[in-house]
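Everything on this sheet refers to the single structure shown next.
Number of protein chains: 2
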Amino acid sequence: MGCDSSAPRRYNGALSPSVDGPPMKDALSAVNCGNCSVRRLCLPADLSAEEIDRLEKITGKRRVLRAGETLYRAGDPFANLFAIRSGSFKSTVIAADGDTQVTHFALPGELLGLDAYSGRMHSSFAEALEDSSVCVLPFAQLEGLAQEVPALQHQIYSIFSEELKKENETLLLLGKRSAETRMAALLMNISSRYSRRGYSATAFVLSMPRTDIANYLGLTAETVSRLLTKFQREKVIAVRGREVEILDLIALSELAGTHCSYEDAGA
Amino acid sequence: MGCDSSAPRRYNGALSPSVDGPPMKDALSAVNCGNCSVRRLCLPADLSAEEIDRLEKITGKRRVLRAGETLYRAGDPFANLFAIRSGSFKSTVIAADGDTQVTHFALPGELLGLDAYSGRMHSSFAEALEDSSVCVLPFAQLEGLAQEVPALQHQIYSIFSEELKKENETLLLLGKRSAETRMAALLMNISSRYSRRGYSATAFVLSMPRTDIANYLGLTAETVSRLLTKFQREKVIAVRGREVEILDLIALSELAGTHCSYEDAGA
DNA sequence: CGGACAGTTGAGCAGCGTCAATCTTGGTGG
DNA sequence: CCACCAAGATTGACGCTGCTCAACTGTCCG
């Protein structure tokens, strides 16, 4: 957790095209990696125009989901990866005793379904937190193309590896940190991820309910609520429902225990 | 966590070649995937004899580490993956404020260093918990070979994917489980992993100190110690130092909250 | 024999969960 | 347009789980 490890170190307010949520209008146009707004976070990164062209040929269709709809369930046969174009998702796993754990929140440019390759079956659930759209990537074809295009191969490994790195950071967070630290770290994390996607780093909408945040952080909804109120009392953030504005990024990053601010104070 | 997802569902005591720790004698012989005792858990799984032959040509050398030695550190340039032949390792990450989190315990047949691909730099530490030996896999060459050998490609994806799945299970464990459940789940997990490697599922040596177990589980060493004593009082296990014997596998699996026993009660 | 380190055990306390009441919000229908 | 409802969010009181601090034991090795 902490900061998006590949996020720019210095925050530039001018990056933000919008301070509101991600745009939601391109739902039905043909898939087009070449000018996709999240291409540099997604599979096409570092591919040549010709390679992107071949990639587009196999990214057959788009799928649009309304808030609350499920993209896949544990047990579903694995056929596709999904690249998020817009919106956001939560991934969950379910224990033998039935209770569920939120394992990720996924934003545009991120791939869903990577954990389903081995065993040819999904082992987790992915549910849209808001109206969202994804590119459907038939993995068999993607695999074949990767066999011919080393740069794509490379990018697939990178994404897998990046996921593992992120999970390590999540484990660090959940391991032995206070509720306050976890909450602050999540806010910093979401902030840096939105920032990387060109949105405001300091004003965003949490697309998930408090219960999901709590579950993800290993806390209760009550504790999450109390902490947000506390941060607000301390003038670190302003909250109104699911809208969050970060008033003091430095203070928040100190609460998060990482000194990963957007200043060049460095890591 | 819970059970090794691809472990056999029924435990057969006759599988065990030995009830003591892993053997430690093959240290200096040439690398030979074809007859490696962990090949079916490692890269060679599902490769033809000819393909294994090509794999052996690039697995240049072996490296032997004594207990406590470090295989790699965060920040080291990434050049190799490491396949564990014998012994065991802990992976850790270090937070900005200096405190460390144990993220995995790795056993023979498992690959270390997968999280270093993106960014070309290790992001975690790997330290031998006992005298151990690993195969050194120069990733550039492995990547090249995978480009030509789809089955190897496939296996690399599988291992990445499997890692992600395992991490999800760890998150589930750390998310919202009691100390007792976590401890029982770790014992079940180690049991099933040893069993899969041909060792006893009910008698093994924990190669890591209590502090590492505690750190991994998000607990304190005192709590771990108290729980082991409690399990022993309840005749679920017998502990003597780092030696553990599971006396009641069913009871332990129930404590772990999973109904993943070795009986065909089935999940 | 002694020192260091790992592990165990106990007493006390606090962070966060539980339970329950209340408030807010957005959607729906009259 | 407003009343109503259900789901989500907030707030408070209270208690348990697991942490802290500290003393003690056992074991390995020089």
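Line order of the protein sequences matches chains P and U.
Those letters in the first sequence? Residues 1013 to 1279, per our numbering, in order.
Those letters in the second sequence? Residues 1013 to 1279, per our numbering, in order.
Note that CB positions come from ideal geometry on N, CA and C, so glycine has one too.
Being a predicted model, the structure only gives us computed values, none of them experimental.
Residue i classed as buried or exposed, judged by whether at least 16 other C-beta atoms fall within 10 angstroms
i                  : result
Leu1264 of chain U : buried
Ala1250 of chain P : exposed
Ala1061 of chain U : exposed
Asn1024 of chain U : Unreliable placement is indicated for Asn1024 of chain U, whose pLDDT of 37 sits below 50; the coordinate value is still reported in the next sentence. Exposed: under 16 other Cβ atoms inside 10 Å.
Ala1268 of chain U : buried
Thr1071 of chain P : buried
Glu1160 of chain U : exposed
Lys1178 of chain P : buried
Gly1230 of chain P : buried
Ala1152 of chain U : exposed
Asp1127 of chain P : buried
Asp1143 of chain U : buried
Arg1205 of chain U : buried
Glu1174 of chain U : buried
Arg1052 of chain P : exposed
Asn1180 of chain U : buried
Asp1224 of chain P : buried
Asn1092 of chain U : buried
Ala1079 of chain P : exposed
Thr1182 of chain U : buried
Gly1110 of chain U : exposed
Asn1044 of chain P : exposed
Pro1089 of chain P : exposed
Below-9 Å beta-carbon distance, residue i vs any chain P residue
i                  : result
Asn1227 of chain U : yes
Lys1177 of chain U : yes
Ser1135 of chain U : yes
Ala985 of chain U  : Outside the shown range of chain U (1013 to 1279) lies residue 985 of chain U, about which nothing can therefore be said.
Ile1168 of chain U : yes
Glu1155 of chain U : yes
Met1036 of chain U : Unreliable positioning characterises Met1036 of chain U in this predicted model, as indicated by a pLDDT of 43, which lies under 50. The coordinate reading is nonetheless provided below. No, because no Cβ of chain P sits closer than 9 Å to the Cβ of Met1036 of chain U.
Per DSSP, the bridge partner or partners of residue i
i                  : result
Pro1150 of chain U : U:Asn1092
Lys1309 of chain U : Outside the shown range of chain U (1013 to 1279) lies residue 1309 of chain U, about which nothing can therefore be said.
Ala1250 of chain P : P:Glu1257
Leu1209 of chain P : Reading the sequence as shown, one finds Arg at residue 1209 of chain P and not Leu. BP columns for Arg1209 of chain P are empty, so no partner.
Val1217 of chain P : P:Glu1255
Leu1240 of chain P : Paired residues: none, contrary to the question.
Thr1270 of chain P : None; Thr1270 of chain P has no bridge partner.
Tyr1084 of chain P : P:Ala1138
Arg1074 of chain U : U:Cys1147
Leu1123 of chain P : P:Ala1095
Chain U contact for residue i (CB, 9 Å cutoff)
i                  : result
Asn1180 of chain P : yes
Ser1237 of chain P : no
Ser1203 of chain P : no
Tyr1206 of chain P : no
Gln1165 of chain P : yes
Phe1172 of chain P : yes
Ala1019 of chain P : Reliability fails at Ala1019 of chain P, whose pLDDT of 43 lies under 50, so the model's placement of it is uncertain and no value is given.
Glu1122 of chain P : no
Gly1131 of chain P : yes
Ile1262 of chain P : no
Contacts of residue i in chain P (Cβ-Cβ under 8 Å)
i                  : result
Val1105 of chain U : Asn1180, Glu1181, Leu1183 and Leu1184
Under 7 Å by beta carbon: chain P residues contacting residue i
i                  : result
Pro1162 of chain U : Gln1159
Gly1230 of chain U : Leu1186, Gly1187 and Lys1188
Check: residue i C-beta below 8 Å from any heavy atom of the ligand FMN
i                  : result
Gly1210 of chain U : With respect to the ligand FMN, the structure offers nothing, as it holds no ligand at all.
Member of the options whose CA lies at the smallest distance from the CA of residue i
i                  : options                                       : result
Ala1191 of chain P : P:Ser1144, P:Asn1227 and P:Glu1246            : P:Asn1227
Ala1163 of chain U : U:Val1148, U:Asp1058, U:Leu1123 and U:Cys1048 : U:Asp1058
Lys1069 of chain U : U:Val1148, U:Leu1123 and U:Leu1141            : U:Val1148
Ser1103 of chain P : P:Gly1046, P:Thr1241, P:Leu1141 and P:Phe1090 : P:Leu1141
Asp1065 of chain U : U:Asn1047, U:Arg1078 and U:Arg1074            : U:Asn1047
Phe1243 of chain P : P:Ser1212, P:Thr1232, P:Ala1196 and P:Asp1088 : P:Ala1196
Glu1081 of chain U : U:Gly1099, U:Pro1089 and U:Gly1087            : U:Gly1099
Val1105 of chain U : U:Ala1095, U:His1116, U:Leu1055 and U:Arg1097 : U:His1116
Arg1222 of chain U : U:Leu1199, U:Ser1212, U:Gly1210 and U:Ser1203 : U:Leu1199
Thr1214 of chain U : U:Pro1120, U:Leu1261, U:Ser1049 and U:Leu1119 : U:Leu1261
Met1220 of chain P : P:Val1236, P:Gly1210, P:Ser1130 and P:Val1248 : P:Val1236
Val1146 of chain P : P:Cys1054, P:Ile1258, P:Gly1253 and P:Glu1266 : P:Cys1054
Closer than 7 Å at the beta carbon, the chain U residues around residue i
i                  : result
Lys1247 of chain P : Those within 7 Å of Lys1247 of chain P in chain U number zero; the least Cβ separation is about 23 Å.
Chain-ordered neighbours of residue i on chain P, where CB pairs are closer than 9 Å
i                  : result
Thr1270 of chain U : Ala1107, Ala1108 and Asp1109
Thr1115 of chain U : Glu1179, Asn1180, Leu1183, Leu1184 and Gly1187
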